[in-house]
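> Heads up: the sequence shown runs through residues 1 to 246, numbered per this note's numbering.
Dropping a structure here in structure tokens format, bear with me for questions.
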Amino acid sequence: MKPNVLRTRISNLNQLDLHQSLSSEEYQIQMKELKNKIRELTFLAKAKNKPVLFVFEGWDAAGKGGAIRRLTSEIDPRLFEVHNISAPNEEEIKHHYLWRFWNRIPKKGHIGIFDRSYYGRVLVERVEGFATESEWVRAYEEIFLFEEQLQSFGTIILKFWLHISSEEQLSRFEMRKNDPLKRWKLTEEDWRNRDKWHLYEEAANEMFQKTDSPKAPWVLVPANDKYHARVTVLEAVVQKLKEELG
């Protein structure tokens, strides 16, 4: 395995080396070993009554869904739930933005996975103007306290940002557009967001700096190569669960 990614913390997207890659053979070997460890560790979390929360953020088409599918493939389906977070519905918008996430946090011995998350307040809501400046500035402390309360409950928290270059994203968008089976994944909003790339990057870097902590760390994942990204995610999960479960 690589050096512990939780020990080599990076808090700026410009520091990532997006040229890292794995061959298909290396990928298969490492994934088999990692999946076995994840299966064992998630059963241990269940035995110790520990809730686990994984948060996934990143660029459109960065591979969040694929990474989540590989992560969950060896976990007992009774132990995890994936929450695909989109815009709040009519009922949710009447409440504090964290309300719908409180309703989805994992219970003891179970695993919750957020595909997009409460960090939307300081990302898309900030950039697109869905939250006022005072709201998204205040959200850093609100999120910190939210995660602190989860930790007090015993929750193990690990957060991922899957990072690709603008050029790689464009290539993946074009592939989706030309593939009838994947065309549905591409929306006009995805294309519009590319025009605000630098604003999202600025928001993301500030988010890492203000919400990264030893107990709820961000792992910034170079994801131009999907094999490398998936292995990095699973390695970080194994390392975090080992640290927390003893």
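We treat Cβ as the ideally placed atom computed from N, Cα and C, and that holds for glycine.
So what does G58 bridge to, in DSSP terms?
For the purposes of this step, residue 58 is taken as the residue at position 58 of the sequence shown. L162.
> With N84 as the anchor, note down where its beta strand (DSSP E) starts and where it stops.
Indexing the sequence shown from 1 puts residue 84 at position 84. 80–84 is the span of the beta strand (DSSP E), which, as asked, contains N84.
> Taking all protein chains shown into account, do 16 or more other C-beta atoms lie within 10 angstroms of the C-beta of S117, making it buried, or fewer, making it exposed?
Taking the sequence shown and counting its residues from 1, one reaches residue 117 at position 117. S117 should be labelled buried.
> So, with DSSP's three-state summary, where would you put D190?
Here the question's residue 190 lines up with position 190 in the sequence shown. The answer is helix: DSSP assigns D190 an H, G or I state.
> Measuring CA to CA, which of H110, S166, D195, E148 is closest to P51?
The count along the sequence shown starts at 1 and reaches residue 51 at position 51. Taking only the C-alpha atoms, the option nearest P51 is H110.
> Alpha carbon to alpha carbon, how far is E244 from F114? Give it in angstroms, no decimals.
Within the sequence shown, the letter at position 114 stands for residue 114. Within the sequence shown, the letter at position 244 stands for residue 244. So the alpha carbons of these two residues sit roughly 20 angstroms apart.
> Thinking C-alpha only, which one of E40, E189, G120 is nearest T211?
As a first step, residue 211 is located in the sequence shown; it is residue number 211 there, counting from the start. That would be G120, whose Cα lies nearest to the Cα of T211.
> Which ranges would you report for the alpha helix (DSSP H) in the segment 103–145 if only whole runs of at least 4 residues count?
You should have 124–128.
> Spell out the partners DSSP gives L263 in its beta bridges.
The chain is shown only over 1 to 246; residue 263 falls outside these bounds and no answer can be derived.
> Indicate whether P88 and R100 have their beta-carbon atoms separated by less than 8 angstroms.
Position 88 of the sequence shown holds residue 88. Position 100 of the sequence shown holds residue 100. Their beta carbons are under 8 angstroms apart, which means P88 touches R100 by this criterion.
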